[in-house]
Structure formats: structure tokens, C-alpha cells
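The structure under discussion appears below in the form of C-alpha cells.
Residue numbers (my numbering): -19 to 702.
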């Protein structure tokens, strides 16, 4: 089976099509097919496709009349043979060397789909745009780079970007769940994304970039969406059917997201003075009439259809602007208001809600009109009387509206004061939350505090406590592996014989070639034996040693005493001597590569897992790539590393992954710097800053092992962790 099927809808894309195809063809991952669906192009797009097809057998071209991107993608899915599907727009192009690493992540974790980031490029200026949508900024960091499903955190994951070109989706997953794009001219990808999101059992949102996405393209479908604004409403209805099996609260989450999206597009078109805005407002009002008010964004409330009584009132009372005057209509009676009354009319328009008290006065009459037609003559006489009263009220509106304006002004001042108070309260609350988070983090780090001891620390501890040992010790025995080192140091201080535990129980010594150490010639010399280990925690290792010595009858032949250089309260009572009590978690230089701490640690790469490159090798080119692939390994842990955090550039990910696989380095995550060149990295000089930021964000890590002492100190200072 092919690794990836790339599906590209193509419509009049001659300007960008070559760069798009080249970026796919030149990916190091070659087990792909490229399905191009020509959607009735009228430019040279088809000729370009034919040219590329002649030179690359992996390219397949399907022709259809212009039916839209959704139908084109579905056509590609009908023949796709790849394990994973990647949808690419013809005016976008891929990040270099991205398929191999992302496919590896998706395959290794058996993901239903993987979502990535994208660079947004302004087509007019070629500048990179800051776009939180394509940067996954709506998704918290702790939901990224791990296997999740929608139901773990629906409030955030419902905001997952819908753009199909932002990642891979498993072909079998689409088939089993019958997931396809809808046939709308626009907005054909939202329903596809929502269906995949709720059906997926294993998905991952990663921080890797996958495409360069062009924005502000003349003639792009995005620029004609205002002509097809009703597609938003049709998409909403399709999604509502897809999510109907979910609980009501989960349905509401999805529907709010769709309504916010409609809201965003409406105000986008309104701010850009779309010629279709009046038509959009009418259709939007009609659509909102059938939507539960609690779901509608506040910005759209003003567009909701007014209730019947309001519409009826407007039918009998309205204000119309003419060129030189305004016309007030009261039940068919039109009153011309010239410019000298302009101020009054402005106030009438701005404060029309003030007239609702007249509406309330007339509601009884209106109800009677609705209840019976037969009595309409009498009712209209009463209504006319009410209108006459309304005219009297209108005559005194100047003064009342002045009072109302003054009241509104006062209210605005109060609101401003309240806003300021709320801003101050928000700031205080934010500071308090920051302090609480800091305290929580400090408590967590205190709980996970690790005491690290190097060889020199152990030598110093032994030197400071050697006086506690009796003078009649004849032999020092070290329990392998970690006890051998302190045993030889102690024997050196005491000037006594020393051997390993195995040498002791087997009566064999390698010291100066003497054999045996405990035989007939030496048995009178050896009376008291000190059994040494570097530390005692649960006491299992020491108890096993004692059991072996009992079995061999050593305890009957010699006076045996036991020593641990380091112990913890309680376990120190299992030995005769304990030089230092450490109750916190501890890690020793002589065995950190064989400790489960790796699963909670971040590791540097160059200078730690492998040697550093020479100045000649570090050319940011072919020599550097050769170095990465063939670097000599240094310190490889026996357990899986939580995260490798390196200042190597992201563009060397595939070579780095190959080296790690070659040397059987086990790890969960690999974080690399996303910069264009090594020169740019050196100019920034933020190696430690980058590592500290990653380390601080990984809440379940408690240790960073760094090869550079200066960087190690800075990482600790910036992250507040070890």
C-alpha cells in the first residue's frame, strides 16, 4: 500500500501549480500518489498537469466540469490507494521534508488523523502573516503532541481548524465512517472536519508546520464567498444532522462554533463593503429566526427578526429620509419634517425604543384588531384616538428626548467608571491567578525535587564520615555495581584489603594477583568484613546480599557489618553505618543512564546523546547532514526519554530521526528550533531560552539533562525547574 495519497482540486491555478507540484514531488518520502482533479479549468492548468504526468508516473489526472472543491476531493477519494490522505490546495505548497516525519508519527501511533500548523503568506507582499487559526492558538499546549479524542476536552477541540490541508487523515477511517465532503459551492469542508472529529478514536494536534498557505489571492474562491453566503446556512444544517447523536450540551458547543464562524464572515463582508450586504442581512435574519437565542453570538442579536407587535407598530409609525426633509408616517398619515426639525428626528431615530410605551398603550387595541375583524370600524376609531394622543406626546418629545439624552450620557459615564473598575479587578484577578499558579508549580517542583550526587560528592561524603568506622576492619567488600566505587574509596582511606561481593563469596581476589583472599594463608588475617553499597532505599539489595552471606555461612565465619553511603529515614536502620540521610528523590552520576528518571526527563542531544560537531562539520549544509547521520553516540539511556530538546534546526528532523532509530534511542517527543538557517540561530543566541520554554511547558517533566553548564544554569533559572 502507498503511504500517502495527495488529492489536489485544480481550478485556474496556472500561476501557482508548478510550485505546488514541485513541493510534493521533491519530498523525500517517495511512496505517494498525486491525484489532481481538474475542475473545469479555463487557463493552462490542464496543460501543466499533462506536462508533469509525462515525467512522473505517480501523478494521476481526473477531469470534470466545474463543480467545486468538495466534489473534486470526493472524486479523488474514490480512487485513492494511500494509507493516509492529504488534501492540498493548488495555490499552496508544502514545507520541505515534512511528509516523512509526519507520516512516521501518524503510522507509529495508528492515528485516525493528525493536524498540523501552516505558514500564512500574504500573496501581495510575500510576508508571513500572524494567524492564530493556522497556529492552533485556540488549542491549549497541553492538548498537543499526544494522542487524544474529541470527548476528552470538547470545549476546545470543537475549535480545531477545519481546513483539510492542515494534516493527514487515514483512508480506512474515512471509508468505515462514510466521511465525505458536502456538495456546496463554498463551506464544503466544515461538515467533513466535524464528522472526522467526533468519529476519531485517536488523533493528534502537533506543532509541526505542513504547508505554506497563500492569502489575499485575486480570483480566489474566498473572495467570492459573499455571493454564496447562504452556503453557511446549508453547512450549519448538514452539521446539525451529523451531530444529532451527541448529547445536547456537546451539540450546543459545535453549533456555537458554527454560528461564530458565520458571524465572523458576515462582519468581514460588512467591513469590506460587500455589494451583497443587504441581501446577506435579509437571509441572515430569516436564518436566525429558527435558531435558539442562547446559541446566537451577541453581535448578531441586533439582526434577529423583531417580534410581531414591533413589526406592527413600525407599520403604523415610521420615519423616512428624503433629500431635503424627513417624512413621519402615522397610520397612513404622512407628516413632512423640514431641516429645522432635523435634531428632533435624529433623537427620534436614535432613541426609538423610547416610543415603545406608545406601543404598550396600543397593544390592547391591536389585540382586539387581531381577535375580530367584524368590529374593526369601532376599534379603528379607538385606535385613531390613541394615535391622536400619540401626536400630543410627540409634540413634547424635544424636551423628553433632551432629558433622555442627558440620562444616557450619565449612564455612559457610570458604565465607563464600571469598565475601569472591572479592568482593574481583571488585572488583580490575573495577578492572583498567576501567583496561585506559581505556588502550585513551586509545590509540584518541591514534591518532585531531586537530589543529584556526582562522584566528587560521594568522595567528599566518605571523607567527612570515615572517622565513624572502627579501626579493626580487615576487608572492605563492594556490592556490584554501584557499591564497588565507594568500597574502593573507603579501603583507600583505611588502607585495607578490598574486593567485590562476588570475589568475596567465591574466595577469589584480583588484588596484586593473590589467590585466594580468604584461604588458609589469609583466614587468620580476615576477621571483620565491611559490606558496602552506595545507597539504601527500600533495602532489597542489601537484604539479598545478607541472605546470600547466610546461605554461604559467611556470617558464622566473619564478623559482618554493613554500610550505605546514602540512605533515607527508616531504611538507614537496616545497616550499621549510614553516612548521609536524603529523604528526597535522588539521582547519582554513576547510574543515571540506567534509571527510570529518563521517562520524566528532557535530554539535550549534541554533546550528550552524541558528540558535538566540529567547526568544519557545522556548515549548515552537506557536511552537517553527513555528521548527523554518522555522529558517534555518547550517553544512551536504557529507558525511554520523555523529550529530546535540541537547538538543531527543524529542517534536519528526518536525518535526526534516522540517527535516533539507528542507535535505538527511545523517546516520546523531539523538539527542534524552527529557524531557516544556523546563522539566524547564532544571531538570536536563544538556545537556552528555547529549551527552557519547552521544559517549562512540559508539566510532567522534572529534570533537564544538558551538556553545556552555562545553558544548564540558564534553563534552570528561566524554567524554575531542575
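For each residue, glycine too, the CB sits at the ideal point set by N, CA and C.
Everything numeric in this text was worked out from a predicted model, so none of it was measured.
Check	Outcome
Here's a check: name, in chain order, each residue in its chain whose Cβ is nearer than 8 Å to the Cβ of residue 59, leaving out the five neighbours to either side.	15, 40 and 42
One question on the structure: do residue 609 and residue 687 come within less than 8 Å of each other, judged by their Cβ atoms?	no
Grab me the residues of residue 121's own chain with a C-beta within less than 7 Å of its C-beta, minus the 5 sequence neighbours each way, in chain order.	677
Alpha helix (DSSP H) containing residue 706: first to last residue?	Any question about residue 706 goes unanswered here, given that the chain covers just -19 to 702.
Residue 63 to residue 680, Cα distance in whole Å?	33 Å
Can you tell which of 602, 205 and 550 has its C-alpha closest to the C-alpha of residue 631?	602
Alpha carbon to alpha carbon, how far is residue 81 from residue 690?	32 Å
Is residue 98 helix, strand or coil by DSSP?	strand
CB residue 568 to CB residue 445, shorter than 8 Å?	no
In the DSSP assignment, find the unbroken beta strand (DSSP E) run with residue 438 in it and report its ends.	Run containing residue 438: none in the beta strand (DSSP E); it sits in the alpha helix (DSSP H), 435 to 445.
Taking the alpha-carbon positions, what's the residue 644 to residue 598 distance?	24 Å
Out of curiosity, what's the CA-to-CA distance linking residue 673 and residue 4?	33 Å
By the DSSP assignment, the alpha helix (DSSP H) with residue 587 in it spans what residues?	No alpha helix (DSSP H) holds residue 587; DSSP gives it neither H nor E.
If you reduce the DSSP assignment to three classes, tell me which class residue 61 lands in.	coil
Buried or exposed, going by whether 16 or more other CB atoms sit within 10 Å of the CB of residue 500?	For residue 500, the predicted structure reports a pLDDT of 44, less than 50, and the residue's modelled location is therefore unreliable. A value from the coordinates is still provided. Per the 10 Å Cβ criterion, exposed.
Do residue 0 and residue 73 have their C-beta atoms closer together than 8 Å?	yes
With DSSP as the reference, please indicate the residues paired to residue 189 in a beta bridge.	97
Tell me where the beta strand (DSSP E) around residue 541 begins and ends.	539 to 547
Under the three-state reduction of DSSP, which class applies to residue 231: helix, strand or coil?	helix
Let me know if residue 633 comes out buried or exposed under the rule of 16 or more other beta-carbons within 10 Å of its beta-carbon.	buried
Quick one: what's residue 456 bridged to in DSSP?	478 and 510
Going by C-alpha distance, which of 577, 551 and 570 is nearest residue 439?	570
Can you tell which of 174, 181, 217 and 44 has the C-alpha that lies nearest to the C-alpha of residue 126?	181
Pull up the CB-CB distance for residue -18 and residue 13, whole angstroms please, since I reckon it's below 8 Å.	5 Å
List the endpoints of the continuous beta strand (DSSP E) containing residue 622.	621 to 629
Taking just the CA atoms, how far does residue 511 sit from residue 540?	7 Å
Have a look at the DSSP bridge pairing and note the partners of residue 582.	623 and 684
Straight-line CA distance for residue 111 to residue 78?	20 Å
Are there 16 or more other CB atoms within 10 angstroms of the CB of residue 248, so buried, or fewer, so exposed?	exposed
Taking the alpha helix (DSSP H) that residue 216 belongs to, which residues open and close that run?	211 to 222
In or out: residue 514 buried (at least 16 other Cβ within 10 Å) or exposed?	buried
Counting C-beta neighbours from all protein chains within 10 Å, is the total for residue 581 16 or more, i.e. buried, or is it exposed?	buried
Taking the DSSP output, what are the residues bridged to residue 653?	629
Out of -7, 564, 179 and 661, which one is the CA nearest neighbour of residue 20?	-7
Assign residue 533 to buried or exposed, taking buried as 16 or more other Cβ atoms, counted over all protein chains shown, within 10 Å of its Cβ.	exposed
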